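In our numbering, the protein residues as written are 2 to 289.
In this text, a Cβ means the ideal position worked out from N, Cα and C, and glycines have one as well.
For clarity, every value in this text was computed on a predicted model and none was experimentally measured.
Note sheet for the following structure.
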Ligand code: NAP
């Protein structure tokens with residue numbers, strides 16, 4: 002039997018509609034919209050496309066975008082000063098610094114300067130610490146989006162065996178923490194894992210974020226498992242995930258396609274995080 006498709010486009014559209022409704026309520030209560038500040042250093046074309054997408058999506062749900070475009074040779078001190086200004090600016094609810102930054106800058110250092118209450122990418126050490134400790138905080142958008150997809154598909158995670166392939170700070174590590182928080186039994190696999198197909202076959206929920214075109218085959222998948230494909234690999238014949246969808250779809254019970262699975266959730270969750278950040282600051286007061 003063929004797997005049911007988890008339709009990320011439809012679920013992301015639903016999240017955006019919910020955010021738009023909640024933004025309206027926020028504006029009615031506070032007399033101003035939440036604001037999302039984006040910083041792009043340099044003119045990397047792919048980054049410019051991502052930033053445009055984030056600004057457009059913000060406008061569509063009523064979040065005010067503030068874009069800061071800086072020349073590629075901007076010194077560290079200037080980016081630091083901009084982040085400090087945005088941290089202190091009440092009109093700015095969320096801040097994101099688009100990565101990668103040019104080589105003379107340290108993206109991890111710069112991201113770490115963002116006030117955790119405005120860290121809508123959920124990537125600062127403080128946000129990562131809150132997640133590891135199971136405390137409230139802003140969560141990284143893509144893994145948070147996967148949790149929404151699993152929830153919408155009605156996947157009960159408690160007691161289930163989840164395998165996350167990939168251990169990046171951006172995705173694999175926070176994904177494992179979120180699954181643990183939902184009481185799954187979690188294994189994180191990576192490039193040094195022995196017998197990766199065998200480890201994957203143990204998964205009731207298999208989440209793959211590696212960046213290797215169609216690596217996961219049907220015989221890596223336990224019959225009836227839920228398979229979430231985070232990979233985005235562009236080649237001459239189009240965009241493919243890390244999972245060989247055509248091969249795996251008859252083994253899995255639920256599966257995300259690429260494109261149209263996890264991808265659309267990332268921006269939707271960025272919007273949700275921006276609104277959550279605005280509400281948090283409205284409740285607890287502006288950052289010092
Ligand atoms: P990354 O930082 O390059 O991390 C890749 C991870 O995969 C590493 O932990 C690496 O292991 C592991 N890995 C590499 N080759 C492997 C192999 N042959 N077997 C097992 N594990 C292997 O990448 P990322 O940022 O996490 O992204 C991963 C993929 O997800 C990419 O295709 C990216 O485009 C996609 N992505 C999509 C979204 C979205 O919005 N849809 C968001 C984020 C990422 P080591 O740690 O041992 O090197």
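Between the stretch 122–134 and the stretch 171–179, can you find at least three pairs of beta-carbon atoms closer than 8 Å? yes
Backbone CA spacing between residue 262 and residue 218 [nearest angstrom]: C-alpha separation (whole angstroms): 18 Å.
Considering only C-alpha positions, which residue in the set 39, 41 and 24 is nearest to residue 33? 24
Cβ shell of residue 143 (< 6 Å), same chain only, five flanking positions each side left out: 172 and 267
In this structure, does DSSP put residue 207 in helix, strand or coil? strand
Looking at ligand 1, does it come within less than 7 Å of residue 53, judged from the CB to the closest heavy atom? no
Reducing DSSP to helix, strand and coil, say where residue 23 ends up. helix
Out of 158, 37 and 103, state which residue places its alpha-carbon closest to the alpha-carbon of residue 60. Of 158, 37 and 103, the smallest CA-CA separation from residue 60 is found for 37.
Quick check: does the Cβ of residue 239 come within less than 7 Å of any heavy atom belonging to ligand 1? no
Within its chain, find whatever has a CB closer than 8 Å to the CB of residue 101; leave out the 5 residues flanking it on each side and keep chain order. 45, 48 and 108
Beta carbon of residue 211: closer than 7 Å to some heavy atom of ligand 1? yes
For residue 193, verify whether its CB is less than 7 Å away from any heavy atom of ligand 1. yes
Are three or more beta carbon pairs between the stretch 276–283 and the stretch 89–106 nearer than 8 Å? yes
Contact set for residue 43: own chain, Cβ-Cβ below 6 Å, skip 5 residues either direction: 73 and 103
To the nearest angstrom, how far is it from the Cα of residue 78 to the Cα of residue 111? 10 Å
Residue of 270, 285 and 283 minimising C-alpha distance to residue 17: 270
Would residue 208 be called buried (16 or more neighbouring beta carbons within 10 Å of its own) or exposed? buried
Which residue from 273, 151 and 231 puts its Cα closest to that of residue 258? Nearest Cα to residue 258 within the set 273, 151 and 231: 231.
Helix, strand or coil for residue 290, going by three-state DSSP, please let me know. The shown model of the chain, from 2 to 289, leaves out residue 290, and the question about it has no answer.
Contact set for residue 213: own chain, Cβ-Cβ below 6 Å, skip 5 residues either direction: 243, listed in sequence order.
Tell me, which residues are paired with residue 189 by DSSP? 165
N-terminal and C-terminal residue of the beta strand (DSSP E) that residue 40 is part of: 36–42
Just curious, the beta strand (DSSP E) that residue 86 is in, first and last residue? Residue 86 -> not in any beta strand (DSSP E); alpha helix (DSSP H) instead, spanning 77–89.
Which listed residue (51, 150 and 76) has its alpha carbon closest to that of residue 68: 51
State the start and end residues of the unbroken alpha helix (DSSP H) segment that holds residue 72. DSSP places residue 72 outside any alpha helix (DSSP H), giving it a letter other than H or E.
Measuring straight from C-alpha to C-alpha, what distance separates residue 151 and residue 180? 10 Å
Within a Cβ cutoff of 8 Å, which residues of the same chain sit near residue 81, ignoring the five residues on either side of it in sequence? Spatial neighbours of residue 81 in its own chain (CB-CB distance under 8 Å, excluding positions within 5 residues in sequence) are listed in chain order as 111 and 114.
Would the C-beta of residue 270 count as close to ligand 1, meaning under 7 Å from any of its heavy atoms? Answer for residue 270: no, Cβ out of range of ligand 1.
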